[in-house]
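Undergrad: Just so you know, we're using the numbering used here here: the sequence shown kicks off at 2 and counts up by one.
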Amino acid sequence: MDFLVRQWWIRRTRKSIVRLKQQALECFGRYAIESDEHSYLSVLIEKHAGNIPSVAHQAGLSRQAMPKWFKKHGVVAADYRK
Numbered sequence: 002m003d004f005l006v007r008q009w010w011i012r013r014t015r016k017s018i019v020r021l022k023q024q025a026l027e028c029f030g031r032y033a034i035e036s037d038e039h040s041y042l043s044v045l046i047e048k049h050a051g052n053i054p055s056v057a058h059q060a061g062l063s064r065q066a067m068p069k070w071f072k073k074h075g076v077v078a079a080d081y082r083k
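As structure tokens, then:
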């Protein structure tokens, strides 16, 4: 009986570890993507000197979607205008 309990505990622990690894990967993966988006957005704004329609065109987004993207990443386009 002790052997069966030990085997059950090992399977349960392995499942928990796998689940924790998946959650960590999702969390860090999401952070990495957001960091890359922020960097990409900053480069585009600098390249186009804060011109929102040009940034939107280069990024393949609509001009109306840009304020939401700026807000998500905490970027102010006016800071990049000359």
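The beta carbon of each residue, even a glycine, is placed where N, CA and C say it ideally should be.
1. Three-state secondary structure (DSSP) at Ala66?
2. Measure the CB-CB distance between Gly61 and Ala78 and report whether it falls below 8 angstroms.
3. Of the choices Trp10, Ala66 and Trp70, whose alpha-carbon is the least far from that of Asp37?
4. So what's Val44 in DSSP terms, helix, strand or just coil?
5. Ordered along the chain, which non-local residues of its own chain (more than five positions away) have a Cβ less than 6 angstroms from that of His49?
6. What does the alpha-carbon distance come out to for the pair Gln59 and Ile11?
7. Rounded to whole angstroms, what's the CA-CA distance from Arg7 to Gln24? Just pull it up for me.
8. For Leu42, count the other beta carbons within 10 Å of its own beta carbon; 16 or more makes it buried, fewer makes it exposed. Which is it?
TA: The structure says:
1. Reduced to three states, the DSSP call for Ala66 is helix.
2. Cβ atoms of Gly61 and Ala78: not closer than 8 angstroms.
3. Across the set Trp10, Ala66 and Trp70, the C-alpha of Trp70 shows the shortest separation from the C-alpha of Asp37.
4. Three-state result, Val44: helix.
5. The beta carbon of His49 sits closer than 6 angstroms to those of Ser55 and Val56, all from its chain and outside the five residues before and after it, given in chain order.
6. Near 52 angstroms, if we compare the C-alpha coordinates of Ile11 and Gln59.
7. Rounded to whole angstroms, Arg7 to Gln24 spans 26 angstroms at the Cα level.
8. The residue in question, Leu42, is buried, as its Cβ has 16 or more Cβ neighbours within 10 Å.
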